[in-house]
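Undergrad: Dropping the structure in here first, questions after.
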Amino acid sequence: DNYYFVKGDKIPYKSNLNMFSYSAGINYKMSNNASIYTRFSNGQKAPDLQFYFDNFNSATASPAVKAQSITQFEIGYKFKGAKSSGSIIPFYSKLSNIPVSSIGQNTDNTAYFTPVVYNTLTTLGLEAEANLNIVGNFSLIGNATIQSAKATTWQSWVMGANGSADDKLVNNNGNKAENVPTLMLNISPTYSFKKGYLMLTYRYMGAREANMANVFTLPGFGQLNLSAGYDISSKLSLNANINN
């Protein structure tokens, strides 16, 4: 029809993936109020189903199937006092074998997909969280993530005129990862009383690149929400949320 490309006959395919995921960590208690820990993990997952729909469209040319892999390493400091608690966590992550292909149109108006290229993203960052009981029934919860996500290896297809003759790969190595803000922030002051609470939440998402070519940037924005709750009885409570 006018929306979906017709790829032709049914194409049977079969692929096998052997995957192994693991995680290990160690925690050291420095005192009753503080500890440090470190964790390393490596996980694998099969490609999304759409990968097979997009790329197994020829009985003679099918890509090698690779499991996506994510490697993570973090070191954390956790603390807890009479009126405060929180954590500071530097982290590193690498996402590998990200499949990228594009759909094109032949000169006879039939569809084809470009060969698959596999890319890698690397992220360095810091997470911080704090919970403060400032005075009486008034408390403050805040958390922030500061990160830098970049393309270790990133190639993508640029399509020319109909047909694959002028298709070419563009190298975006070193560019910032798309849709990953440098800063994310949440701050929630809360007032609690015997039968309820009142909470104001400010959320901020920083500017982020709109695509891997870093052609333009989506601006940062803030969101202010108000929520409240009240226990009418031991079995009935009332909650309200206002989201801006």
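For what it's worth, the numbering used here labels the leading residue of the sequence shown as 549, then goes sequentially.
Every residue, glycine too, gets a C-beta built ideally from N, C-alpha and C.
(1) From residue 733 to residue 720, what does the alpha carbon distance come to, in whole angstroms?
(2) For the candidate residues 572, 699, 687 and 594, whose alpha-carbon lies nearest to that of residue 735?
(3) Considering only residues of the region 684–764, which uninterrupted beta strand (DSSP E) runs meet the minimum length of 3 residues and lie entirely inside it, listed in chain order?
(4) Is the Cβ-Cβ distance between residue 685 and residue 740 less than 7 Å?
(5) So, residue 654 versus residue 711, is the Cβ gap smaller than 7 Å?
(6) Any contact between the region 614–623 and the region 631–647? By contact I mean 3 or more CB pairs, one from each, below 8 Å.
(7) To the nearest angstrom, report how far apart residue 772 and residue 682 are at their CA atoms.
(8) From the DSSP output, in three-state form, read off residue 680 for me.
(9) For the alpha helix (DSSP H) that contains residue 575, what are its first and last residues?
(10) Whose CA, out of 677, 669 and 675, lies closest to the CA of residue 727?
(11) DSSP state of residue 561, grouped into three classes?
(12) Specify the secondary structure class of residue 784 as computed by DSSP and reduced to three states.
(13) Between residue 650 and residue 659, what straight-line distance do the alpha-carbon atoms span, to the nearest angstrom?
(14) Are the region 781–789 and the region 751–760 in contact at 8 Å, needing three or more beta carbon pairs?
(15) Which same chain residues end up closer than 7 Å to residue 578 when comparing Cβ atoms and leaving out the 5 residues on each side of it in sequence?
(16) Output needed for residue 789: all residues of its chain with C-beta closer than 6 Å, excluding positions within five of it in sequence on either side, in chain order.
TA: In brief:
(1) Approximately 28 Å between the Cα atoms of the pair.
(2) Among 572, 699, 687 and 594, the Cα nearest to that of residue 735 belongs to 687.
(3) Entirely contained in the region 684–764, the beta strand (DSSP E) runs reaching 3 residues are, in chain order, 686–701, 703–706, 716–719, 731–741 and 744–753.
(4) Contact flag set, yes.
(5) Inclusion of residue 654 and residue 711 in the CB contact set at 7 Å is warranted, their separation being smaller than that value.
(6) Cβ pair count under 8 Å is three or more, so yes.
(7) The alpha-carbon atoms of residue 772 and residue 682 are separated by roughly 21 Å.
(8) If DSSP states are grouped into helix, strand and coil, residue 680 belongs with the strands.
(9) Annotation: residue 575 is outside any alpha helix (DSSP H); the continuous beta strand (DSSP E) that includes it extends over 570–579.
(10) Looking at the Cα atoms, 669 is the closest of the given residues.
(11) Here residue 561 sits in coil by DSSP.
(12) Three-state DSSP puts residue 784 in coil, outside helix and strand.
(13) Cα to Cα, residue 650 sits roughly 10 Å from residue 659.
(14) Taking 8 Å as the limit for Cβ pairs, the verdict is that the region 751–760 does not touch the region 781–789.
(15) Same-chain partners within the cutoff: 584.
(16) Closer than 6 Å at Cβ, skipping near neighbours: 775.
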